[in-house]
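The sequence shown lines up with residues 1 to 350 when you count with UniProt numbering.
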Amino acid sequence: MSQRLLTPEAFLQRAANCPVFDARTPGEYGQAHIPGAYNLPLFSDEERHQIGILYKNQGKETAVLRGLEMVGPRLTDYIARVREITDSREILVHCWRGGMRSSSLAWLLETVGYRVALLKGGYKAYRRQVQATLAAPWPLLILSGMTGSGKTELLQNLRRRGEQVLDLEGLANHRGSAFGAIDGLAQPTTEQFENEIGAQLQTLVSDRPIWVEDESRRIGRVVINDNLYKQMRKATVIKIDVPRERRVERLCIDYGNEAPEKLAEAVTNISKRLGGEKTSATLQAITNGDISSAAHAILDYYDKTYLFGLKQRDPQRVVMLTPTPERPGEIARSLIELSNNLPAELKPVT
């Protein structure tokens with residue numbers, strides 16, 4: 001029975017309508033996987049380790065026979081798992097390099113009537129495709145502004161108005177500052193973060209601007225791919241200039257209901273940069289429920305950091321927008337109008 005092999009590009013196109021099953025171990029899958037794929041491990045992490053030792057010490061035949069002994073009693077479990085997940089009779093399967101794990105699983109599923117296509121070169125080939133996607137030129141337009149300017153909400157409004165948006169903080173499950181992890185969401189690995197970015201970029205087109213929030217290279221524990229970050233640093237920046245008092249008001253709204261101990265922990269994490277005296281004053285303000293004073297103290301640090309980063313950019317590629325007290329939807333409309341009327345040398349291009 002011949003098995004169909006698909007290039008990573010064709011595989012991902014089919015994945016939009018077919019379930020993807022990852023035959024690698026739970027540990028491999030947990031490290032990173034194709035977004036939306038289901039883990040259907042042929043072996044556990046420990047079993048794969050044992051087979052690897054056998055292969056090295058006693059050769060392929062011994063390792064394969066031991067693998068068959070492990071897998072044999074579970075054959076019906078694999079089929080039941082697929083049926084539990086999907087009613088589709090067409091499915092996609094891959095492993096690490098497109099070897100025996102995926103081909104064996106495909107053989108089993110084809111035996112009971114599934115139409116299976118395999119990823120040529122496996123997950124390793126998919127990762128090369130992700131790296132190529134991140135290295136490709138993209139028409140990025142950077143939305144910038146000091147902490148508390150409401151950039152995330154503006155990106156959401158831009159998306160609702162039909163603009164293309166790459167939401168890095170959303171993909172990273174982190175708000176991007178020392179307070180970014182307060183929501184308690186688990187962050188992906190950097191490799192999975194890259195996979196998610198690659199998947200989102202593949203849904204966008206290269207002849208329209210892609211809005212991206214201004215970020216440092218590290219968002220919590222994950223790191224933005226070097227090629228993509230270089231593009232972000234060279235892209236045109238639209239900086240929204242929001243008065244400090246309005247930014248403090250927003251921070252009070254965003255964080256005012258958070259547990260004081262979580263806020264205190266976040267302040268402690270940046271205590272070396274705040275300095276001992278300011279850290280003590282900020283922690284006392286949090287204890288007293290004075291979130292406004294705490295926000296002012298924190299902005300002293302973040303505003304300086306932001307301005308330092310802004311100075312590293314080409315000033316000729318920074319465009320200012322000073323919104324009057326408008327709703328986010330109205331500011332988003334002003335951003336779109338401004339981007340549409342940028343001079344040719346500042347328009348994002350690929």
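Beta carbons are placed, not taken as given, at the ideal position from N, Cα and C, and that holds for glycine.
**Item:** Opposing strand residues paired with ARG115 [DSSP bridges]
**Value:** Indexing the sequence shown from 1 puts residue 115 at position 115. Per DSSP, the beta-bridge partners of ARG115 are GLU90.
**Prompt:** GLN200 and TRP138 look like a contact to me (Cβ under 8 Å); what is the Cβ gap, rounded to whole Å?
**Reply:** In the sequence shown, residue 200 corresponds to position 200, counting from 1. In the sequence shown, residue 138 corresponds to position 138, counting from 1. GLN200 to TRP138, Cβ: 11 Å. No contact.
**Item:** Cβ pair count under 8 Å reaching 3, the stretch 123-134 against the stretch 3-15
**Value:** Short answer: they touch.
**Message:** Could you check whether the stretch 109-122 touches the stretch 63-74, counting it as contact only if at least three pairs of C-beta atoms, one from each stretch, sit closer than 8 Å?
**Reply:** The count of Cβ pairs closer than 8 Å, one atom from the stretch 109-122 and one from the stretch 63-74, stays below three, leaving the stretches out of contact.
**Asked** Between ILE53 and VAL64, what straight-line distance do the alpha-carbon atoms span, to the nearest angstrom?
**Response** Locating residue 53 in the sequence shown gives position 53, where the first residue counts as 1. Locating residue 64 in the sequence shown gives position 64, where the first residue counts as 1. Whole-angstrom Cα-Cα distance: 12 Å.
**Spatial neighbours of ASP214 in its chain, beta-carbon cut-off 6 Å, leaving aside the 5 residues before and after** = By one-based count along the sequence shown, residue 214 stands at place 214. Cβ neighbours of ASP214 beyond the five flanking positions: ILE142, SER144.
**Prompt:** Do the CB positions of ARG221 and TYR229 come within less than 8 Å of each other?
**Reply:** As a working note, residue 221 is residue 221 in the sequence shown. As a working note, residue 229 is residue 229 in the sequence shown. No. Outside cutoff.
**Prompt:** Per DSSP, what kind of secondary structure is LYS347 in: helix, strand or coil?
**Reply:** In the sequence shown, the residue the question calls residue 347 occupies position 347. Three-state result, LYS347: coil.
**Prompt:** Nearest to THR189 by alpha carbon, out of ALA178, VAL223, PRO260?
**Reply:** As a first step, residue 189 must be located in the sequence shown, where it is residue number 189. Checking every option, the nearest Cα to that of THR189 belongs to VAL223.
**Residue-level contact to chain D via CB, SER216, 8 Å cutoff** = No chain D appears in this structure, which consists of one protein chain only.
**Request:** Give the C-beta separation of residue 420 and ARG175 to the nearest angstrom, bearing in mind that I take them to be a contact with Cβ-Cβ under 8 Å.
**Result:** Because the chain here runs from 1 to 350, residue 420 falls outside it and cannot be looked at.
**Asked** In chain order, what residues of the same chain have a beta carbon less than 7 Å from the beta carbon of ARG273, not counting five sequence neighbours either side?
**Response** Here residue 273 corresponds to residue number 273 of the sequence shown, with the count starting at 1. Contacts found: TYR301.
**Message:** With distance defined between alpha-carbon atoms, name the residue in PRO243, LEU154, THR322 nearest to VAL212.
**Reply:** Within the sequence shown, the letter at position 212 stands for residue 212. The shortest C-alpha separation from VAL212 is found at LEU154.
**Prompt:** Count the other CB atoms within 10 Å of the CB of GLY108; is the residue buried (16 or more) or exposed (fewer)?
**Reply:** Residue mapping note: residue 108 aligns to position 108 of the sequence shown, counting from 1. It is Leu, not Gly, that sits at residue 108 in the sequence shown. Burial state of LEU108 is buried, judged by a 10 Å Cβ sphere holding 16 or more other Cβ atoms.
**Bridge partner(s) assigned by DSSP for PHE21** = As a position in the sequence shown, residue 21 is number 21, starting the count at 1. Residue pairing by DSSP places PHE21 opposite TYR38, VAL93 in a beta bridge.
**Item:** Best match in ARG247, ALA259, GLY27, GLY36 for proximity to LEU12 [C-alpha to C-alpha]
**Value:** Start at 1 with the first residue of the sequence shown, and residue 12 comes out as number 12. Measuring from the Cα of LEU12, the nearest candidate turns out to be GLY36.
**For ARG221, three-class secondary structure by DSSP** = Taking the sequence shown and counting its residues from 1, the one referred to as residue 221 is at position 221. Coil.
**Within 8 Å, strictly: CB atoms of ARG24 and TYR123** = In the sequence shown, residue 24 corresponds to position 24, counting from 1. In the sequence shown, residue 123 corresponds to position 123, counting from 1. Yes, they are a contact pair.
**Bounding residues of the beta strand (DSSP E) (the contiguous stretch that carries MET320)** = Your numbering for residue 320 matches position 320 in the sequence shown. Per DSSP, MET320 belongs to the beta strand (DSSP E) from 318-321.
**Message:** Can you tell me whether THR282 is buried or exposed? The criterion is at least 16 other CB atoms within 10 Å of its CB, across all chains shown.
**Reply:** Here residue 282 is taken as the residue at index 282 of the sequence shown, counted from 1. By the neighbour-count rule (16 or more Cβ atoms within 10 Å), THR282 is buried.
**Message:** For THR322, count the other beta carbons within 10 Å of its own beta carbon; 16 or more makes it buried, fewer makes it exposed. Which is it?
**Reply:** The sequence position of residue 322 within the sequence shown is 322, counting from 1. Label assigned to THR322: exposed.
**Item:** LYS120: first and last residue of the uninterrupted beta strand (DSSP E) it sits in
**Value:** On the sequence shown, position 120 is the one that residue 120 refers to. Segment: none, LYS120 is in no beta strand (DSSP E) and carries neither H nor E.
**Message:** To the nearest angstrom, how far is the alpha carbon of ALA32 from that of GLY99?
**Reply:** Here residue 32 refers to the residue found at position 32 when the sequence shown is read from its first residue. Here residue 99 refers to the residue found at position 99 when the sequence shown is read from its first residue. C-alpha separation (whole angstroms): 18 Å.
**Message:** According to DSSP, is ILE270 part of a helix, a strand, or is it coil?
**Reply:** Looking up residue 270 in the sequence shown gives position 270. ILE270 falls in the coil class under three-state DSSP.
**Request:** Within 10 angstroms of the Cβ of ARG83, are there 16 or more other Cβ atoms? Answer buried if so, exposed if not.
**Result:** As a working note, residue 83 is residue 83 in the sequence shown. It is exposed - the Cβ of ARG83 has fewer than 16 other Cβ atoms within 10 Å.
**Prompt:** Does any heavy atom of the ligand PLP sit closer than 7 Å to the C-beta of ALA178?
**Reply:** Here there are no bound small molecules, and the ligand PLP is not part of this structure.
**THR350 burial status per 10 Å Cβ neighbour count (16 or more: buried)** = Residue numbering aside, residue 350 sits at position 350 when the sequence shown is read from its first letter. THR350 is exposed by the Cβ-count criterion.
**Asked** With which residues is VAL212 paired in a DSSP beta bridge?
**Response** The count along the sequence shown starts at 1 and reaches residue 212 at position 212. Looking at the DSSP output, VAL212 shares a beta bridge with ILE142, LEU166.
**Item:** DSSP three-state assignment for GLY233, whether helix, strand or coil
**Value:** On the sequence shown, residue 233 is found 233 positions in, with the first residue counted as 1. In the sequence as displayed, the identity of residue 233 is Arg instead of Gly. ARG233 falls in the helix class under three-state DSSP.
**Request:** Report the three-state DSSP secondary structure of LEU5 (helix, strand or coil).
**Result:** Against the sequence shown, residue 5 aligns to sequence position 5. The three-state reading of DSSP puts LEU5 in strand, counting E and B together.
**Message:** Please return the same chain residues whose Cβ sits closer than 8 Å to the Cβ of ASP88, not counting the five positions on each side in sequence.
**Reply:** As a working mapping, residue 88 is identified with position 88 in the sequence shown. Residue identity differs from the one stated: residue 88 is Ser in this sequence, not Asp. Answer for SER88: CYS18, PRO19, listed in chain order.
**Asked** Taking the Cβ atom as the reference point for each residue, do ALA285 and ALA297 lie within a distance shorter than 8 Å?
**Response** In the sequence shown, counting from the first residue as 1, residue 285 sits at position 285. In the sequence shown, counting from the first residue as 1, residue 297 sits at position 297. Yes, the pair counts as a contact, with Cβ atoms nearer than the cut-off.
**LEU166 versus GLY150, LEU140, ALA235, GLN50, residue with shortest Cα-Cα distance** = Stepping through the sequence shown from its first residue, residue 166 is reached at position 166. It is LEU140.
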